[in-house]
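Numbering (our numbering), first residue to last: 12 to 237.
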C-alpha cells in the first residue's frame, strides 16, 4: 500500500500524544474532494487543519493528513485515542467502489495490526452525526477483518530498524523469528527493532534466498509468516 505524504501546512503546532485504541471511519460528505480540500475546509472551521489521519480517495490512493502520533480533530471524545480515516464520497447517496473499498480495508487492517487493536467504529456510533453515511460498508469491513484466515497480513509499510519506536508488528516479527530458531538478542520480543532483530532478519533473509537488507517488506513478511 502506497501512502502519499501530503505535506500539509498546519496553522499551529499539533498536539502530540495520540494513543490509538480504536479506528474511526468517516466519509467526506462530498462526492469529489482532495486532501487539500479537506485541509482547507477544516482550516475554515478554525481548526489547525485536516482533522483526519488519512484520506482514501475513490481511485484507491491513500493520503496522509495528520501524523498518526498527533491528536486528531474528527471525533470528540476519541481524538486522543484513535486513528481517523476518511473516505472520499457521500455515502448517504453513493455506493463505494471496489478499488476504494480494497484500499480502505487494507489501511484499516494495517492500523489495527500496527497498534494491536481490534475495534472499528463508524463516526455516528460515537457522536451525533450521520457520518459515514447509510451506504458506507462498515459491517462488511468489520466482517472481513474478523473473518480473515488467521495468518497475519502484511501491514503495508516497511518495517525497519528503529530502536526508539515500539511497534506490535515488530513484536510479531520477533516472535516468529524466535519460533524459527533465530535469536533477536537479549531483549527478546519487546517490540523494538534494534540491532539483534536486524541481524536476525538478515540471517532469515539469507537462509530464505531473499535480498539481504534487514528490512521486513512484503516478501520477507510473507516468507516469514507463510
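Cβ atoms here follow ideal geometry from the backbone N, Cα and C, with glycine treated the same way. Nothing here was measured: the structure is a model prediction, and the numbers come from that model.
{"Item": "Hey, quick one: how far does the alpha helix (DSSP H) through residue 47 stretch, first residue to last?", "Value": "46-55"}
{"Item": "In angstroms, rounded to a whole number, what distance separates the CA positions of residue 192 and residue 227?", "Value": "17 Å"}
{"Item": "Can you check DSSP and say which residues form a bridge with residue 16?", "Value": "75"}
{"Item": "Looking only at C-alpha atoms, which of 99, 155, 61 and 126 sits nearest to residue 21?", "Value": "61"}
{"Item": "Looking only at its own chain, which residues have a Cβ that is under 7 Å from the Cβ of residue 195, when we skip the five neighbours before and after it?", "Value": "185, 188, 189, 207, 208 and 211"}
{"Item": "How about residue 63 and residue 76: are their beta carbons less than 8 Å apart?", "Value": "yes"}
{"Item": "Am I right that residue 67 and residue 123 are in contact with their C-beta atoms under 8 Å? What's the rounded C-beta distance?", "Value": "Going by Cβ atoms, the distance from residue 67 to residue 123 rounds to 15 Å, so no, they are not a contact pair."}
{"Item": "Taking DSSP as the reference, what is the three-state secondary structure of residue 232?", "Value": "helix"}
{"Item": "Under 6 Å Cβ to Cβ from residue 153, same chain only, skipping five residues before and after it: list those, please.", "Value": "131"}
{"Item": "Starting from the Cα of residue 80, find the closest Cα among 133, 37, 17 and 26 and give me that residue.", "Value": "26"}
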